[in-house]
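A.B. asks:
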Amino acid sequence: KQEVTQIPAALSVPEGENLVLNCSFTDSAIYNLQWFRQDPGKGLTSLLLIQSSQREQTSGRLNASLDKSSGRSTLYIAASQPGDSATYLCAVSGQGGKLIFGQGTELSVKP
Amino acid sequence: GAGVSQTPSNKVTEKGKYVELRCDPISGHTALYWYRQSLGQGPEFLIYFQGTGAADDSGLPNDRFFAVRPEGSVSTLKIQRTERGDSAVYLCASSQLAARYNEQFFGPGTRLTVL
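So the protein sequences, as listed, match chains A and B. For the first sequence, my numbering gives the first residue as 1, with consecutive numbering after it. For the second sequence, my numbering gives the first residue as 1, with consecutive numbering after it.
(1) Would Q2(A) count as contacting chain B if we go by Cβ distances under 8 Å?
(2) Would you say S46(A) faces chain B, with C-beta separation under 8 Å as the test?
(3) Closer than 8 Å between beta carbons: that is the criterion. Which residues of the segment 90 to 105 of chain A meet it against chain B?
(4) Identify the residues that DSSP records as bridge partners of A64(A): which are they?
(5) Residues in the same chain with beta-carbon distance under 8 Å from K110(A), minus the five sequence neighbours each way, listed in chain order, please.
(6) Look at the alpha carbon of Q57(A) and the alpha carbon of N22(A), and state the distance between them as a whole number of angstroms.
(7) List the whole-angstrom C-beta distance separating S75(B) from C92(B), where the pair is believed to meet the contact cut-off of C-beta under 8 Å.
(8) Given this structure, state the Cα-to-Cα distance separating Q34(A) from R55(A), to the nearest angstrom.
(9) Below 6 Å CB to CB, which residues in the same chain sit around K17(B) once its five sequence neighbours on both sides are set aside?
(10) Starting from V68(B), trace the beta strand (DSSP E) in both directions and tell me its first and last residue.
(11) Look up D24(B) in the DSSP assignment and say whether it is helix, strand or coil.
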């Protein structure tokens with residue numbers, strides 16, 4: 001059974017700092033990995049999707065990497081801003097495309 | 001429409017009542033997914049549809065939960081004899097195909113509270 005873990009559960013950083021969020025999964029037979037952002041009381045916003053054959057994806061200040069063999073992904077956020085404060089979720093795609101999520105990392109960027 | 005929409009945004013009901021939650025996927029998306037998110041947790045898969053049929057309902061917790069998608073577009077999640085433990089945010093997502101590489105887009109969710 002696939003399990004997804006995110007570390008740390010919560011993170012507080014000063015504005016401008018670069019940071020890394022971690023995601024690990026137990027079964028390397030995934031189809032893709034998606035990173036999402038969730039603001040309090042809101043739905044999920046897709047940030048990046050990495051296909052199983054890819055190593056990384058970039059969008060603006062965000063960079064996500066995937067190492068399937070070791071069951072790990074990282075989300076790198078450069079020059080963090082207070083507006084980046086949210087919960088970040090990673091999810092792996094299994095058969096049929098259903099997503100299996102981690103518990104999330106709650107990020108707080110202080111001005 | 002421009003995105004996935006869900007109604008109602010909030011639903012408060014009493015224990016034992018029946019509720020229906022609605023999801024309108026992005027136009028043209030053939031795959032539709034339901035997830036449930038409890039406070040402080042990541043979403044958990046419930047069921048997904050490819051077209052009109054439920055391709056995988058392995059995440060439904062018990063037979064009080066049922067979902068339909070009769071015309072391959074709008075879906076309704078139905079919960080009978082609600083219990084306090086059913087309180088959660090119910091999220092719907094759609095994608096162009098139920099294929100492994102396709103990105104899922106989520107609606108804002110329905111917050112269900114069972115008193």
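By construction, the Cβ of each residue, glycine as well, lies at the ideal position given by its N, Cα and C atoms. Note that the structure is a prediction, hence the values are computed from the model and not measured.
C.D. replies: A quick look at the data gives this:
(1) no
(2) yes
(3) A91, S93, Q95, G96, G97, K98, L99, I100, F101, G102, Q103, G104
(4) Q57(A), L75(A)
(5) S12, V13, P14, E15, P82
(6) 15 Å
(7) 7 Å
(8) 13 Å
(9) T82
(10) 65 to 68
(11) strand
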